[in-house]
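**Student:**
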Amino acid sequence: MSYLKNYPEIENEIIKCMRCGNCQAVCPLYKETKSEGAVARGKVKLADAVLKGELQYTKDLAKIFETCLTCKACAANCPCGVQPDKIVLAARAKLVKERGLPFIKSVIFKGLSSPGLFKTGMALGAKTQGLFFKQTDKGMSPRYPVSGLELRRVLPKLADRSFLSTAAEVNKVDKPKMRVAFFTGCTTNFIYPQVGEALLKVMKHNNVEVVVPKKQHCCGVPVLLHGDAETATEMARSHVNIFSKLDVDAIITVCGTCGESFSKHYPELLKDDPEYGEKAEKLAEKTYDFAQFLIDVIKIDKTALKPVNKTVTYHIPCHIGRGMNAGSQQIELITSIPGIKYNPLKQPDRCCGGAGSFSLTHYDLSYQVLKHKLEDVKSTGADILVTGCGSCRMQLTDGIAQEDLPQTVKHTVELLAEAY
Amino acid sequence: MSKQQAIEALEKALGKENVITKHEDLVTYSFDATPDLPNPLPDVVVTPTCTEDVVKVVNIAREHKMPIYPRGSGTNLSGGTIPLEGGIVLSTLKMNKILEIDADNLVAVVQPGVIIQDLNNAVAPHGLIYPPDPGTVSTATMGGSVSECSGGLRGLKYGVTKHYVMGLEVVLADGQVARFGGKTVKNVTAYDLVKLFTGAEGTLGIITEIIVRLIPAPEARASMLATFDKLEDAGNAIKGIIANKVIPATLEIMDQATIRTVENFAKVGLPTDARAILLIEVDGIPEVVEKEAEKVVNVVKENNGKIKKAKDDKEREDLWAARRAALPALAQLKPTTVLEDATVPRSKITEMLVAIEEIAQKYNLNIGTFGHAGDGNLHPTILTDARDKEEMERVHKAVDDIFKKALELGGTLSGEHGIGMAKARFLKWELGESGIDVLRKIKNALDPEGILNPGKMVSN
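Sequence lines, in order, name chains D and U.
The C-terminal position of the first sequence is numbered 631 in this note's numbering, with every residue numbered one higher than the one before it.
The C-terminal position of the second sequence is numbered 478 in this note's numbering, with every residue numbered one higher than the one before it.
#1: Since residue 116 of chain U contacts residue 142 of chain U with CB under 8 Å, what's their CB separation in whole angstroms?
#2: Give the single residue among D:398, D:392, D:371 whose Cα lies nearest to the Cα of residue 424 of chain D.
#3: What separation, rounded to the nearest whole angstrom, lies between the Cα atoms of residue 171 of chain U and residue 396 of chain U?
#4: Hey, which unbroken runs of the beta strand (DSSP E) at 3 residues or more fall wholly within the stretch 493 to 565 of chain D?
#5: Pairs of beta-carbons, one from the stretch 86 to 102 of chain U and one from the stretch 37 to 55 of chain U, closer than 8 Å: are there three or more?
#6: Any Cβ of chain U within less than 8 Å of the Cβ of residue 291 of chain D?
#7: Name the two residues that bound the continuous alpha helix (DSSP H) containing residue 101 of chain U.
#8: Output yes if chain D places a C-beta closer than 8 Å to the C-beta of residue 45 of chain U; else output no.
#9: Find the nearest neighbour of residue 128 of chain U within the set U:23, U:188, U:26, U:331, judged by alpha-carbon distance.
#10: Determine the direct distance from the alpha carbon of residue 519 of chain D to that of residue 629 of chain D, and round the result to whole angstroms.
#11: Can you pull the DSSP bridge partners for residue 270 of chain U?
#12: Quick one: list the residues of chain U neighbouring residue 247 of chain D, beta-carbon separation under 8 Å, in chain order.
#13: Can you find a CB in chain U that lies within less than 8 Å of the CB of residue 236 of chain D?
#14: Tell me the DSSP secondary structure of residue 87 of chain U in three-state form.
#15: Can you give me, in chain order, the residues of the stretch 578 to 611 of chain D that have a beta carbon less than 9 Å from any beta carbon in chain U?
#16: Note down, in chain order, each residue of its chain lying with its Cβ closer than 7 Å to the Cβ of residue 487 of chain D, except the 5 sequence neighbours on either side.
#17: Alpha helix (DSSP H) containing residue 136 of chain U: first to last residue?
#18: Which same chain residues, not among the five before or five after residue 491 of chain D, have their C-beta less than 6 Å away from its C-beta?
#19: What residue from U:76, U:67, U:81, U:45 has the CA that sits closest to residue 272 of chain D's CA?
#20: Residues in the same chain with beta-carbon distance under 6 Å from residue 403 of chain D, minus the five sequence neighbours each way, listed in chain order, please.
#21: Could you spell out the range, first to last residue, of the alpha helix (DSSP H) harbouring residue 366 of chain U?
#22: Which residue's Cα is closest to the Cα of residue 299 of chain U: U:247, U:289, U:241?
#23: Check whether the stretch 459 to 468 of chain D and the stretch 367 to 385 of chain D are in contact - that is, three or more C-beta pairs closer than 8 Å.
#24: Can you tell me whether DSSP reads residue 661 of chain D as helix, strand or coil?
#25: Could you tell me the boundaries of the alpha helix (DSSP H) in which residue 336 of chain U lies?
#26: Could you check where the beta strand (DSSP E) with residue 394 of chain D kicks off and where it finishes?
#27: Roughly how many angstroms separate the alpha carbons of residue 474 of chain U and residue 557 of chain D, rounded to a whole number?
#28: Using a Cβ-Cβ cut-off of less than 7 Å, list which residues of the stretch 253 to 279 of chain D approach chain U; keep chain order.
#29: I want to see whether chain U comes within less than 8 Å of residue 561 of chain D, judged by CB atoms only; does it?
#30: Between which two residues does the alpha helix (DSSP H) carrying residue 313 of chain U extend?
#31: Any idea if residue 130 of chain U is buried or exposed, counting beta-carbon neighbours within 10 angstroms, 16 or more meaning buried?
#32: With C-beta atoms as the reference, is residue 108 of chain U less than 8 Å away from residue 89 of chain U?
#33: Given residue 25 of chain U, which residues of its chain have a CB within under 8 Å of its CB, disregarding the five upstream and five downstream residues?
#34: Please name the residue, chosen from D:258, D:505, D:268, D:536, that lies closest to residue 297 of chain D on a Cα-to-Cα basis.
#35: Helix, strand or coil: which one does DSSP assign to residue 130 of chain U?
#36: Taking C-beta pairs closer than 9 Å, name the residues in chain U that residue 232 of chain D reaches, listed in chain order.
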């Protein structure tokens, strides 16, 4: 049974931990807080105490399990192969089951899980955002304190029209090499539609036909990360329905978290479901980050790329690098573009602190983590900070605006599209 | 009632932000990296930011008769930081400043919460290194490693932590602050109290400042991997290298069980039919390194070994990857990993390895052995499952046998992990009643009320 639904299943993960503390060396939150509760082995110990019945589900326990970026740095550095992010997710799921979601979250998740409602809300948001947010040079800043948002936070403007409302459902090419389905994800759909457009352009130049299923919605990982495994499962089922019907060679994503939803979370959430489990596995097998698809699957023709004369650096999103193992392919794409001067970050795979809504619920801590990334970016002297995830992009854009840095932030696929 | 008063006094003295009392948080300070030990909860965790804070904590603890357990990163393998009798866990992590790097005198002055690797990174631009490099170099604190006197891979040539501690500031159990040693190479003023507090495992005082010796970074190094079909040949090669007046920085050994596990796990191209491999690294001035590497190659060949020398950094990395994979690979086999550090004179390495294999057979246990052959410090690693009570009993018996054998060969209980809770019961085997009596007298003199890390090493 899935570890997300049956907590004792996680016991095998917990017992693997030998409490060596190697996670301390890489945990961005531990580095800021120096608290054993912040780092993986502390959380493993707590999960163990819960399992043994030595600890109850309390508000304070929930707070500790909320204090995790799910950046997977601990998992990558663990000598015993423990995946603490799984333990954190399982614990959050269990806490939600025992205690329920906080009211605000349950309203938001209801919206996310109901595609129509969410889309209407976001469309309304795009039209009315001027009422609540004031326009600044670098983006939008909340006019009034909104729950979870800080006044100083610069948020990107919602797109006037979402990507899904404008993109064609089928994007044909003359001699298609392959046919793929594009899962856009929320940040591309609602905030950065130019990323979706860039992807269509790149695929067109590579003779790949792209289907953009109009019924797709939020991948559900934000909901899952907050412990609502039940709602996440419903969302997974819905996407399995939508994408299984399509006759495509691959599903491509432009966000690591969205990619992982198809490649890891859906099969896990649905594995006990006889009807959906197998379908989810099949989808998982053909899910790729767009960079993996271009480099590994169709072996992109690099000679077709035109020069882009810019100095760039690249932030590896946690779920692109440690999640999808697509970090090196993204970098390969960037460095394949003639004229690009690539100045790598000293720690390209260190989490930016964004972690989806973590940056809203834990703004100060998130910003402390971000500061290390900004220092690193500053020292590269790059014109453009490239990254492969909309959520990181929001976080990085915020920091760059706050610190008044000269860099602009772009998605890898946007940079690549400029080379055609 | 008294506990609550103590907590209030601590909050008043250090500020609420430096006093942790929530039950869930306390659970995360109930353990360290040592397996198979009780994990009782402390009553409170404090995070002092300066020596004065530590003095305040000690005074409050004494007044309320609460024990204090100094703690760095909690990565030790002796149970050294477990709050056995409840009380106050004193975390040094907020005292993490590098106070001075004095390149003229080749010393650094640090607070106890500094991470070892951070010190190394800070001294690297001066062309210097701080040689002790325990496996936890990127997580362990200076205070913790001085208190446990940790070792590492370079012990043979460079020694262990105690060879680099030149001076200490310590808060004593009566609340006094004392300083010993200093920046001078020569210092024979009075008893060698720097050595007394180094490796004292927090039972005699709380270290609040450390002066350490630095050395110039070696200019060059050569790394080699030697494989042997017979354990005896490997043992003789170790002796032969030293007999040829070569002192490698690193001289590591892996037994067959470890080789096979590592290869299965990491696929680094190790010969799975070899009985033992040695990983050898010599360092220093380029000309000397070249000459020494040549001698090593000859000794290995004379002892029927095959040897591969890393041609560049990439190849060196590959060789090291095998050594680094040893513990992770072993640890992944079974849920519980009992890592010991029995140590014997270098000349007895072969005998000890054979004995460990026999012990593994006798108790039907999975034991992989790797370690620092050059300094006789082996890490027999027992792979087990703490949930299996019957097997754990066999594990305990095997551990007893391993220590008995190490002592029989003229060795010691602990090469680098310390005694703490984990090995306190074996202490009399090595020190005898008279030796333990000396420990007890020292403990009674410096901590008569037994408030400093009680239950570790020796009791009042």
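Backbone N, C-alpha and C define an ideal beta-carbon position, used for all residues, glycine too.
Remember, predicted model here, so these are calculated numbers, not experimental data.
**Tutor:** Inspection of the coordinates gives the following:
#1: In the second sequence, the residue the question calls residue 116 of chain U occupies position 98. In the second sequence, the residue the question calls residue 142 of chain U occupies position 124. Going by Cβ atoms, the distance from residue 116 of chain U to residue 142 of chain U rounds to 12 Å, so no, they are not a contact pair.
#2: Taking the first residue of the first sequence as 1, we reach residue 424 of chain D at position 213. If we check each option's Cα against that of residue 424 of chain D, D:392 comes out closest.
#3: On the second sequence, residue 171 of chain U is found 153 positions in, with the first residue counted as 1. On the second sequence, residue 396 of chain U is found 378 positions in, with the first residue counted as 1. Approximately 11 Å, taken between the alpha carbons.
#4: 498 to 500, 522 to 526
#5: yes
#6: As a working note, residue 291 of chain D is residue 80 in the first sequence. For residue 291 of chain D, the answer is yes, since a Cβ of chain U falls inside 8 Å of its Cβ.
#7: Looking up residue 101 of chain U in the second sequence gives position 83. Taken as a continuous stretch (DSSP letters only), residue 101 of chain U belongs to no alpha helix (DSSP H), as it is neither H nor E.
#8: Mapped onto the second sequence, residue 45 of chain U falls at position 27. Closer than 8 Å to some Cβ of chain D, the Cβ of residue 45 of chain U qualifies, so yes.
#9: Translated into the one-based positions of the second sequence, residue 128 of chain U becomes position 110. The shortest C-alpha separation from residue 128 of chain U is found at U:188.
#10: Taking the first sequence and counting its residues from 1, one reaches residue 629 of chain D at position 418. Taking the first sequence and counting its residues from 1, one reaches residue 519 of chain D at position 308. Rounded to whole angstroms, residue 629 of chain D to residue 519 of chain D spans 7 Å at the Cα level.
#11: For the purposes of this step, residue 270 of chain U is identified with residue 252 of the second sequence, where counting begins at 1. U:297, per the DSSP bridge assignment.
#12: As a first step, residue 247 of chain D must be located in the first sequence, where it is residue number 36. 43, 46, 47, 92, listed in chain order.
#13: As a working note, residue 236 of chain D is residue 25 in the first sequence. Yes, contact with chain U.
#14: Translated into the one-based positions of the second sequence, residue 87 of chain U becomes position 69. Three-state DSSP puts residue 87 of chain U in a strand.
#15: none
#16: On the first sequence, position 276 is the one that residue 487 of chain D refers to. The residues are 448, 451, 481.
#17: Stepping through the second sequence from its first residue, residue 136 of chain U is reached at position 118. 134 to 141 is the extent of the alpha helix (DSSP H) around residue 136 of chain U.
#18: Translated into positions along the first sequence, residue 491 of chain D becomes position 280. Taken in chain order, the residues that qualify are 451, 477, 478, 481.
#19: As a working mapping, residue 272 of chain D is identified with position 61 in the first sequence. Nearest option by C-alpha distance: U:45.
#20: As a working mapping, residue 403 of chain D is identified with position 192 in the first sequence. Around residue 403 of chain D: 601.
#21: Translated into positions along the second sequence, residue 366 of chain U becomes position 348. Per DSSP, residue 366 of chain U belongs to no alpha helix (DSSP H) and is neither H nor E.
#22: In the second sequence, the residue the question calls residue 299 of chain U occupies position 281. The shortest C-alpha separation from residue 299 of chain U is found at U:241.
#23: no
#24: One cannot answer for residue 661 of chain D here, as it falls past the ends of chain D, which runs 212 to 631.
#25: Taking the first residue of the second sequence as position 1, residue 336 of chain U is located at position 318. Taken as a continuous stretch (DSSP letters only), the alpha helix (DSSP H) holding residue 336 of chain U covers 331 to 342.
#26: Position 183 of the first sequence, counted from the start, is the residue given in the question as residue 394 of chain D. Run containing residue 394 of chain D: 389 to 394, per the beta strand (DSSP E) assignment.
#27: Within the second sequence, residue 474 of chain U is the residue found at index 456, counting from 1. Within the first sequence, residue 557 of chain D is the residue found at index 346, counting from 1. When rounded, the distance between both Cα atoms is 42 Å.
#28: 253, 256, 257, 260, 266, 269, 271, 272, 275
#29: As a working mapping, residue 561 of chain D is identified with position 350 in the first sequence. No, residue 561 of chain D does not count as interfacial toward chain U.
#30: For the purposes of this step, residue 313 of chain U is taken as the residue at position 295 of the second sequence. Where residue 313 of chain U is concerned, the enclosing alpha helix (DSSP H) stretches over 304 to 320.
#31: For the purposes of this step, residue 130 of chain U is taken as the residue at position 112 of the second sequence. Looking at its Cβ environment, which holds 16 or more other Cβ atoms inside 10 Å, residue 130 of chain U is buried.
#32: Position 90 of the second sequence, counted from the first residue, corresponds to residue 108 of chain U. Position 71 of the second sequence, counted from the first residue, corresponds to residue 89 of chain U. Cβ atoms of residue 108 of chain U and residue 89 of chain U: closer than 8 Å.
#33: On the second sequence, position 7 is the one that residue 25 of chain U refers to. Here the set comprises 37, 39, 61, 62.
#34: Indexing the first sequence from 1 puts residue 297 of chain D at position 86. Nearest option by C-alpha distance: D:258.
#35: Counted from its first residue, the second sequence places residue 130 of chain U at position 112. Coil, per DSSP.
#36: Counted from its first residue, the first sequence places residue 232 of chain D at position 21. Simply 50, 51, 91, 92, 93, 154, 157, 158.
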